[in-house]
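Worksheet: the structure to be examined is printed underneath.
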Amino acid sequence: MTYESLFLESLIFTWIMEIPLMYAIIRIAERTDLLKRTISGRKYREDADNCTDCGDADKKTDGENGGKKADRKDNLNVNGKENLKEKISEPDIFAAGILMTALTLPYLWFIMPVYLDMSWYPVNGEIIVAAVESVIIWYMLKIRLYQAVIIAIIVNSVSYGLGLLI
């Protein structure tokens, strides 16, 4: 078997292992409220401004028309974040899994062996891959960075361990 066919076999095996595992971890974390999505930018500010049951909304008034409206600081409390919480979609998880493996596995197979000592290759390789994958998960799924790091470490550890067994 050629090196390239081994790579393709490894890529498919990694997709088969990592994507369902990442999906399961994310769904379990969502059910147990361990996973909080970060909603940032303009959409979050608009939703926070329109939030009526957040903070002291009934105590604050808008200066222009005398209507009741909370300022942005009051809307950024826990209740506002719970109201804006949404589930991560399955296509987003699938796309993140495909992309993180497709971007890191060629680097691990073709580029890293040239620059790293083979005795430290598994350790260094998995650390670098987990770091890159956590950034991809964080960026694509819009979760907190430490949560993305934990997901990437678990997924890579299980995938590496099963790869050793096979």
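In my numbering, the protein residues as written are 442 to 607.
Backbone N, C-alpha and C fix where the C-beta goes; we use that ideal spot for every residue, glycine too.
Looking at residue j and residue i, is the spacing between their C-beta atoms short of 9 Å?
| i | j | result |
| --- | --- | --- |
| residue 604 | residue 454 | yes |
| residue 574 | residue 555 | no |
| residue 449 | residue 588 | no |
| residue 544 | residue 451 | no |
| residue 529 | residue 471 | yes |
| residue 464 | residue 531 | yes |
Quick test of your reading: residue i and residue j, contact by CB under 8 Å. State the CB separation rounded to the nearest angstrom.
| i | j | result |
| --- | --- | --- |
| residue 534 | residue 467 | 6 Å |
| residue 570 | residue 549 | 6 Å |
| residue 460 | residue 538 | 4 Å |
Spatial neighbours of residue i within its chain, please: CB distance less than 6 Å, with the 5 preceding and 5 following residues excluded, ordered by chain position.
| i | result |
| --- | --- |
| residue 586 | 579 |
Starting from residue i, follow the alpha helix (DSSP H) in both directions and report where the run begins and ends.
| i | result |
| --- | --- |
| residue 529 | Element bounds for residue 529: n/a, residue is neither H nor E. |
| residue 551 | It is not in any alpha helix (DSSP H) - residue 551 carries neither H nor E in the DSSP assignment. |
| residue 468 | 444-472 |
| residue 561 | Premise fails: residue 561 is in no alpha helix (DSSP H) and is neither H nor E. |
Who are the Cβ neighbours of residue i in its own chain at under 8 Å, not counting the five residues just before and after it?
| i | result |
| --- | --- |
| residue 540 | 577, 581 |
| residue 462 | 595, 596, 599, 600 |
State the DSSP-derived secondary structure class of residue i, mapped to helix, strand or coil.
| i | result |
| --- | --- |
| residue 607 | coil |
| residue 512 | Its pLDDT being 48, under 50, residue 512 is placed unreliably by the model, and the measurement read from it follows with that caveat. Of the three classes helix, strand and coil, the one that applies to residue 512 here is coil, per DSSP. |
Kindly indicate if chain D contains any beta-carbon less than 9 Å away from that of residue i.
| i | result |
| --- | --- |
| residue 601 | Reference to chain D is not applicable here, since this structure consists of a single protein chain. |
Using a Cβ-Cβ cutoff of less than 7 Å, which residues in the same chain neighbour residue i once the five nearest sequence positions on both sides are dropped?
| i | result |
| --- | --- |
| residue 542 | 452, 455, 456, 459 |
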